[in-house]
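Each remark here refers to the structure printed beneath this line.
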Amino acid sequence: MADRVITLKGATKRFFKKGKFDLTPLDNVNFSVKRGERIAIWGESGIGKTTLLNVIGLLSSQTSGDYYLNGRNVKTFSENKKAHLRNSYFGYIIQDFALVENWTVYNNLKLPLKNRDKKPKNSKELIRESLAEIGLESKIGVEARHLSVGERQRIAIARALINSPEVILADEPTASLDAKNKDTVIEMFDKICTGDKTILIATHDDEVLKFVNTVYRIADGKLFIEGR
Amino acid sequence: MLNELRLNKKVYFSVFIVEAVLLALFSALFAEVSYTNSTLSAIEEIDDTNVYVNFDCTLSEQLDSLFENDTESIKRGKELYNYVAKGRTKYSYWDYPVGTLANGKPFFQATTDKYFFDLYGIKVAVGQNLYDVTETKSGSIPVVVGADLTEKYQLHDVFEMEDPNTGKGVKYEVVGILPKGTTYPAVYNIGMKNSVDDKMFRPLDVEALNEIGNLVMSIASLVVFANNETDLRKIEQLSKDLNFLDMSFEKISDNTVIFLQEGKETMQIYALIIIALIILAVLIGGIAIYIAIKKKLNVYIVQITAGLSLKKLCLNIFFALFAVNVVLIILSLAFSALSALLSDTSAFNSYYFSSSTLNVYYYAIISLVFLFIDAIISLIPYLKLRNADLLNILRSENG
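These protein sequence lines are chains A and B, in that order. Residue numbers for the first sequence follow this note's numbering, so the first one is 51 and each next one is one higher. Residue numbers for the second sequence follow this note's numbering, so the first one is 7 and each next one is one higher.
Here you go:
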């Protein structure tokens, strides 16, 4: 249990529509992730992969069942604790990058730093270092909308990593990339995920599967192990 | 908070405009409510008692005759006055315009009894109350003056003025100054209040009754508090028998019941209008914030993924709205102070400071209303996002 970072026990997520349960993307899911694992959640679009990442990333709660993070039931966490974990424990890489388009690269990267419990004194330096690592230091004052697709995805990755999270949650990170950018992103993931860093990638891209050690398939709200 | 203001500049500007309109409407409503409330309280002051006011019907020929035979008339008048004064609660009040203020408006010299001051609780802000003075240092007639008259007369000033009743020059000494905004109910005009600001009061003393003009006015302007209507008819009859004035006492408390009812209904209407305005402001502000959240949903969700809690997001919106309120209230205060300065250069005179220019109650109430509106509006993101599938929304927003 100790090396299990994430454990879901009978987790179910249902959505209401007009007062009735309309959709059950997660149905009694049992799932666990060990520290340092690289996991892909594979499945078609709209099947529930993102919902699973929402629950794991503490962006929403399961309707029923339990979720243990490092052995502690998240039901016992306060909203502030969850926000703190979203800020420092998880790093999110979202499909279509989710950058704030009219903000500069600097402001986009500053966002996770601003919400830290202890705000770093050297934010600017941290941001510069982070951009230097992905070779985009010169873009610090450029608005996100003026960046190329590849640059945007690299910035999104840099933002997810700026607080050195232990778990990276990537939602369809390669969905809108061409083959060249896709390779760059997978290479970046490979470089990032060393040591104890855990990564969960929701994807329907076969290319990504080469990078992970375990593949889960999601269908009809159930999670099946597909291969290791 | 600053980021939130920057992010939704247009929205907060619209909220500012909506709240500015609300503030103006509230201001007008508050003035109406204060006025209605004040008139109601004016009536309530005299409503518990049976108040009879003399509506004098004396013909001018009769008055001429009284003035022609003044020695005889004074004798008869004093008999009547003493009869009324014996065992009855009453006061006389009359005034004459005696000059003009700097703003072109007239000011008045009023004569009244001690009971008038006691009944309406009129006390000086500075100096001595009129009936506390037995003798002035100068040997003049003591007067207390309303706040507007301080532009002409200061405390302890001794001045000569024509007695409007006799036409003779008389020396007066200012023994006290009344606080700005002091009023008393107008018994001849139910629901209205008269101001003391533009009046100087001289006492109605026995000396004054030795002059026929004063004696006629003190009887003609009688306000009598009585429980027995027959008693009033006796006064009327005695006046007739003495061939003095043609008096006719009318009970005013009957009219006050209707007026009070109407006043209370008006207050209920104002309360409904205020509630409607608050709902309207919540709706407009709420819709504006809702649209902003919908438009900037991706920004908010990105912030949430970066560690912003929903509570903090709501607080950011609340404080941004609060900042808008503070700016609005400061501007409104500055505007009020400026208009007070422009309309009256002596606005900072201590007698004036209690005026409605800087109405603490009004700003306290409007601040509470704004806080209430802010609290409701800032709950919208919580309601919108608490159970939302954030990453899916973000994906569709970006897509």
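Using N, Cα and C, we set each Cβ at its ideal position, and we do this for glycine too. Treat the numbers as computed from the prediction; the structure is a model and nothing was measured.
By the C-beta criterion, the segment 208-224 of chain A is judged to be in contact with the segment 138-151 of chain A, since at least 3 inter-stretch pairs fall below 8 Å. Collapsing the DSSP output to three states places glycine 105 (chain B) in a strand. Judged by beta-carbon spacing, alanine 194 (chain A) lies beyond the 8 Å limit of glutamate 257 (chain A), meaning their Cβ atoms are not closer than that value.
Secondary structure at tyrosine 159 (chain B): coil, using DSSP grouped into helix, strand and coil. Residue range 155-164 is occupied by the alpha helix (DSSP H) that includes proline 162 (chain A). Residues of chain B with a Cβ closer than 8 Å to the Cβ of asparagine 104 (chain A) are, in chain order, Asp395, Leu396, Leu397, Asn398. Non-local C-beta neighbours of isoleucine 147 (chain B) in its own chain, meaning closer than 8 Å and more than five positions away in sequence, comprise Val176, Lys177, Tyr178, Glu179, Arg208, Pro209, ordered along the chain.
Against asparagine 130 (chain A), the close residues of chain B are Ser315, Lys317, Lys318, in the order they occur along the chain (beta-carbon pairs closer than 9 Å).
Sequence-distant Cβ neighbours of glycine 93 (chain A) in its own chain, meaning closer than 7 Å and more than five residues away, are Lys99, His254, Arg267, Ile268, Ala269. Taking all protein chains in view, the Cβ of phenylalanine 114 (chain B) is crowded by 16 or more other Cβ atoms within 10 Å, so the residue is classified as buried. Between the C-alpha atoms of leucine 227 (chain A) and valine 199 (chain A) there is a straight-line separation of about 7 Å. Residues of the segment 301-313 of chain B whose Cβ lies closer than 8 Å to any Cβ of chain A, in chain order: Asn304, Val305, Ile307, Val308, Gln309, Ile310, Thr311, Ala312, Gly313.
Inter-segment contact for the segment 179-190 of chain B and the segment 124-134 of chain B is present: three or more beta-carbon pairs are separated by less than 8 Å. For phenylalanine 378 (chain B), the closest alpha carbon among the candidates B:Ile299, B:Leu389, B:Leu283, B:Lys302 is that of B:Leu283.
According to DSSP, threonine 77 (chain B) shares a beta bridge with no other residue. CA-to-CA, the gap between phenylalanine 341 (chain B) and glutamine 309 (chain B) works out to about 39 Å.
Leaving aside the five residues that flank leucine 215 (chain B) on each side, the residues in its chain whose CB is nearer than 7 Å to its CB run, in chain order, Lys84, Tyr87, Leu221, Ser224. Contacts with chain B at 8 Å (Cβ-Cβ) include proline 162 (chain A).
With 16 or more other CB atoms across the displayed protein chains lying within 10 angstroms of its CB, cysteine 320 (chain B) is buried. Annotated three-state conformation of glutamine 112 (chain A) is coil, per DSSP. For alanine 116 (chain B), the pairing in a beta bridge is given by DSSP as B:Asp101, B:Phe207.
Per DSSP, reduced to three states, the secondary structure at alanine 287 (chain B) is helical. Exposure of proline 103 (chain B) is indicated by the presence of fewer than 16 other C-beta atoms within 10 angstroms of its C-beta. DSSP places isoleucine 258 (chain B) outside both helix and strand once states are collapsed to three, so it counts as coil.
For alanine 133 (chain A), the closest Cβ of chain B is nearer than 8 Å. Arginine 136 (chain A) is classed as buried because its beta carbon has at least 16 other beta carbons within 10 Å across all chains shown. Taking the Cα of asparagine 195 (chain B) as reference, the smallest distance to any Cα among B:Val139, B:Lys257, B:Lys174, B:Gly145 is reached at B:Lys257.
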